[in-house]
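Quick notes on the structure that follows.
2 protein chains.
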Amino acid sequence: MIPTTTGDHHNRQHLPLHLRGPSPPPANKLTDCSKATKDSFRAKIEKREWNRSSNNGSTTGNDDVTLCSSSFDKISFHKDRNKRRVRRNLEADGIDNNEDVDGDSSEGGDDAKSSDSARGLTLDSVRESLIRQEDTIVFCLIERAKYPTNSPVYDGSVAGMSGSLVEYIVKETEALQAKVGRYESPEENPFFPENLPPSMVPPHDDPEVLHPSGTSININKTIWDMYFNQLLPLFVQKGNDGNYVPTAACDLHCLQALSRRIHYGKFVAEVKFIDAPEDYSPAIQAQDRATLMGLLTFEKVEEMVKRRVEKKAMVFGQEVCLNDEDDKKGKYKVDPSVVSRLYEEWVMPLTKLVQVEYLLRRLS
Amino acid sequence: MIPTTTGDHHNRQHLPLHLRGPSPPPANKLTDCSKATKDSFRAKIEKREWNRSSNNGSTTGNDDVTLCSSSFDKISFHKDRNKRRVRRNLEADGIDNNEDVDGDSSEGGDDAKSSDSARGLTLDSVRESLIRQEDTIVFCLIERAKYPTNSPVYDGSVAGMSGSLVEYIVKETEALQAKVGRYESPEENPFFPENLPPSMVPPHDDPEVLHPSGTSININKTIWDMYFNQLLPLFVQKGNDGNYVPTAACDLHCLQALSRRIHYGKFVAEVKFIDAPEDYSPAIQAQDRATLMGLLTFEKVEEMVKRRVEKKAMVFGQEVCLNDEDDKKGKYKVDPSVVSRLYEEWVMPLTKLVQVEYLLRRLS
Numbered sequence: 001m002i003p004t005t006t007g008d009h010h011n012r013q014h015l016p017l018h019l020r021g022p023s024p025p026p027a028n029k030l031t032d033c034s035k036a037t038k039d040s041f042r043a044k045i046e047k048r049e050w051n052r053s054s055n056n057g058s059t060t061g062n063d064d065v066t067l068c069s070s071s072f073d074k075i076s077f078h079k080d081r082n083k084r085r086v087r088r089n090l091e092a093d094g095i096d097n098n099e100d101v102d103g104d105s106s107e108g109g110d111d112a113k114s115s116d117s118a119r120g121l122t123l124d125s126v127r128e129s130l131i132r133q134e135d136t137i138v139f140c141l142i143e144r145a146k147y148p149t150n151s152p153v154y155d156g157s158v159a160g161m162s163g164s165l166v167e168y169i170v171k172e173t174e175a176l177q178a179k180v181g182r183y184e185s186p187e188e189n190p191f192f193p194e195n196l197p198p199s200m201v202p203p204h205d206d207p208e209v210l211h212p213s214g215t216s217i218n219i220n221k222t223i224w225d226m227y228f229n230q231l232l233p234l235f236v237q238k239g240n241d242g243n244y245v246p247t248a249a250c251d252l253h254c255l256q257a258l259s260r261r262i263h264y265g266k267f268v269a270e271v272k273f274i275d276a277p278e279d280y281s282p283a284i285q286a287q288d289r290a291t292l293m294g295l296l297t298f299e300k301v302e303e304m305v306k307r308r309v310e311k312k313a314m315v316f317g318q319e320v321c322l323n324d325e326d327d328k329k330g331k332y333k334v335d336p337s338v339v340s341r342l343y344e345e346w347v348m349p350l351t352k353l354v355q356v357e358y359l360l361r362r363l364s
Numbered sequence: 001m002i003p004t005t006t007g008d009h010h011n012r013q014h015l016p017l018h019l020r021g022p023s024p025p026p027a028n029k030l031t032d033c034s035k036a037t038k039d040s041f042r043a044k045i046e047k048r049e050w051n052r053s054s055n056n057g058s059t060t061g062n063d064d065v066t067l068c069s070s071s072f073d074k075i076s077f078h079k080d081r082n083k084r085r086v087r088r089n090l091e092a093d094g095i096d097n098n099e100d101v102d103g104d105s106s107e108g109g110d111d112a113k114s115s116d117s118a119r120g121l122t123l124d125s126v127r128e129s130l131i132r133q134e135d136t137i138v139f140c141l142i143e144r145a146k147y148p149t150n151s152p153v154y155d156g157s158v159a160g161m162s163g164s165l166v167e168y169i170v171k172e173t174e175a176l177q178a179k180v181g182r183y184e185s186p187e188e189n190p191f192f193p194e195n196l197p198p199s200m201v202p203p204h205d206d207p208e209v210l211h212p213s214g215t216s217i218n219i220n221k222t223i224w225d226m227y228f229n230q231l232l233p234l235f236v237q238k239g240n241d242g243n244y245v246p247t248a249a250c251d252l253h254c255l256q257a258l259s260r261r262i263h264y265g266k267f268v269a270e271v272k273f274i275d276a277p278e279d280y281s282p283a284i285q286a287q288d289r290a291t292l293m294g295l296l297t298f299e300k301v302e303e304m305v306k307r308r309v310e311k312k313a314m315v316f317g318q319e320v321c322l323n324d325e326d327d328k329k330g331k332y333k334v335d336p337s338v339v340s341r342l343y344e345e346w347v348m349p350l351t352k353l354v355q356v357e358y359l360l361r362r363l364s
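Residue numbers (UniProt numbering), protein chains in the order written: chain A, 1 to 364; chain B, 1 to 364.
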């Protein structure tokens, strides 16, 4: 599957309040080039036009992205990194301080936090969001596992329909939610961007946090393909119980949760870049994907994330009975090893892919 | 709030396969009057017309239902009930055998199961569904609790919109899901039935399990009022983080989960009635709500359900860390006592209300 960059609808940067730091956003090089004015609606429309034309000149072609997308093998851990960057990566990959195996979670924290929060984004807020999103993903998988495969949802065989039921549900739900502004948020990325109606709701005039040319990154085609062709067969029972619409609705929730988590790599990359631009700038200037991927890869951290999501699948997917001795130990609604594999093979590599793509555009 | 009966769109009885027992449905008094023919689409349209006209003559007025809805006080436990009925009620209220405090879970089981499964509905399937739906409800509440109140979602103050955002999301999502057959299922009840477009998908020709005049019971107005005015303020933090569409989407999921659970009372009532029609028929013939409510109330059972959902809120709402000692004991994403209260004050009383309303129509 070829990850693609989409149109201009992602360039409307509404920073959700929960991502904002305590300080007001100062004028700096990012907000200088993209901050919304008080007449934000008209100004943003004009800016979208500007972004669209500037994105057309992007140096990053789809072929390059495909190459990166298909080479998810780990790049070895660089021993010469300084502790400060290790801490940053640990946190940004969703590891809380108590689980910092290097024991240096507080080092440099204040400096980093102040520079990030000045831009409305903090390591803390990014880390907390990533950890919380793990719960959401596990809940969504457990809910989808209530239903068996229900293949008519996917193969176009539902009587009265000309196409796939799940595509209909996803496309139409995205369209109705777009009308009320879902995709005004930089955290949200649609699976069918080409069909979105305009929003009735004007964009907020909040400070923009992402670099404009990076916000258009959208690898939902890859996520769609991964979810239906690789992940789904791993955790649902074969069968058909006739609950087609609830099944498709659960698929939508899984897709949205995975998409949000993976595209959150844009925020991870931004907070890392702002924290130490000197670490990334040479590789960005050289458009060196492999080096960037290496800078973003920490095997020990990834191993911890895998173990944590596996534990979450055990805790959230257990059969809870009133008497502890009646709990069905070892019986889970979704196999915890599948959730671990989901993170190892897809969520973390794709998040890093988003980070690399974002950083490649960060100085444009 | 006044629970109302809605139009004819619930009379299309598609029994999901997961509710079906192992035996093929025989001809009996229920299927005789409502079983779909092989030419099911046309036959069901005709039947809807028949049901609509017969429902118009229903003896149950809204005033009566309101009286019942506003008097949720427990009716005392009837000591003269036989053990067999206690077991039925225990199971149907979602208590698994291991938690049967009366220790008589196996008594009479085979007889009851055979008569139920012959109709495609078993005590086991009803009980399992109710228990599994508890998990879904807890997950939905936890997901909604990610966001603060976000009052613009409800008060019509979102710029560019003329009405309530959450009403728009619920209404439009129901409309698009109705087109592909969501409300063909007897388990699904819309909040805005008056706005539903016709389904593109023909109804299945599965055996019908619910009595036709009972399927039109819809107390979603009561559930809507309870959820927004009473429940929501109990478990979300005050505040505004700007995530309006995801917040409204979470509300939709909570509403759908609660509605499905509460209206599942129709299946509970049907399986109880089929198991022992002689227990209920006198009160039904006398249209005696209070006696029916008494027959359906088991305080010990309700106490166990409350304790179990409270435990689920603790298990599913905990902060999971890799090291057990780092787990934040006693800190939950949704206060477990709120989930217990939700079941005590609303879910169980409203489910019983649905059961009473269903039984009142059961012999019509």
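No residue lacks a Cβ here, since even glycine has one placed at the ideal position from N, Cα and C.
Look at B:Y332 here: in three-state DSSP terms it is strand. Residue-level contact by beta carbon holds for B:K311 and chain A, with a gap shorter than 8 Å. For the stretch 172-184 of chain A, the beta-carbon criterion of a distance under 7 Å to any beta-carbon of chain B is satisfied by E172, T173, L176, Q177, V180, G181 and R182.
Counting along the chain, B:A249 sits inside the alpha helix (DSSP H) bounded by residues Y244 to H263. If you compare the alpha carbons of A:L232, A:S151 and A:K146 with that of A:V339, the shortest gap goes to A:L232. Inter-segment contact for the stretch 222-231 of chain B and the stretch 129-139 of chain B is absent: fewer than three beta-carbon pairs are separated by less than 8 Å.
Looking only at B:E174, B:I169 and B:H204, the smallest Cα-Cα distance to B:P190 is reached by B:E174. Between the C-alpha atoms of B:L258 and A:E319 there is a straight-line separation of about 20 Å.
Around the CB of B:K300, fewer than 16 other CB atoms lie within 10 Å, so the residue is classed as exposed. B:H204 has a beta carbon lying within less than 8 Å of a beta carbon in chain A. Checking the DSSP bridge columns, you'll see A:Q318 partnered with A:Y332. Within chain B, the residues whose beta carbon sits less than 8 Å from that of A:M161 are V180, M200 and V201, listed in sequence order. A:F273 places its beta carbon 8 Å or farther from that of A:Y264.
Scanning its chain for C-beta atoms nearer than 8 Å, with the 5 sequence neighbours on each side dropped, one finds around B:P152 the residues V158, L165, N240 and Y244, in chain order.
With a threshold of 16 other beta carbon atoms within 10 Å, A:G156 falls short and is exposed. Shown here, B:N218 sits in a strand according to DSSP, grouped into three states.
Residues of the stretch 285-309 of chain B with a C-beta atom less than 8 Å from some C-beta of chain A are M304, R307 and R308, listed in chain order. Proximity to B:S213 across B:E270, B:P277, B:C140 and B:K306 peaks at B:E270, based on C-alpha coordinates. The alpha carbon of B:M293 has as its nearest neighbour, out of B:L360, B:D324, B:P277 and B:Y343, the alpha carbon of B:L360.
Distance from the CA atom of A:R289 to the CA atom of A:R362, rounded to whole angstroms, is 13 Å. B:F298 places its beta carbon 8 Å or farther from that of B:V126. Taking C-alpha positions only, B:K238 is separated from B:C254 by approximately 18 Å. Taking the Cβ atoms as the reference, A:R308 lies roughly 5 Å from B:L322, within the contact range of under 8 Å. Judged by DSSP secondary structure, B:E174 falls within the alpha helix (DSSP H) whose first and last residues are L165 to K179. The Cβ of A:Y244 sits closer than 8 Å to at least one Cβ of chain B. For A:A276, the three-state secondary structure derived from DSSP is coil. Judged by DSSP secondary structure, B:S125 falls within the alpha helix (DSSP H) whose first and last residues are L123 to R144. A:K146 reaches chain B at R132, counting residues in chain order whose Cβ is nearer than 7 Å. The C-beta of A:L196 comes no closer than 8 Å to any C-beta of chain B. With a contact defined as Cβ atoms closer than 8 Å, A:V201 and B:M161 qualify at about 7 Å. A direct Cα-Cα distance of roughly 8 Å separates B:T215 from B:Y358. Within the stretch 207-234 of chain B, no residue has a Cβ lying closer than 7 Å to any Cβ of chain A. Neighbours of B:F192 in chain A, taken as residues whose beta carbon is under 8 Å from its own, are absent, since the nearest beta carbon is some 14 Å off. Residues of chain A whose Cβ lies closer than 8 Å to the Cβ of B:E143 are, in chain order, T136 and F139.
Secondary structure at A:E187: coil, using DSSP grouped into helix, strand and coil. Residues of the stretch 329-345 of chain A that bring their beta carbon within less than 9 Å of a beta carbon in chain B comprise K333, in sequence order.
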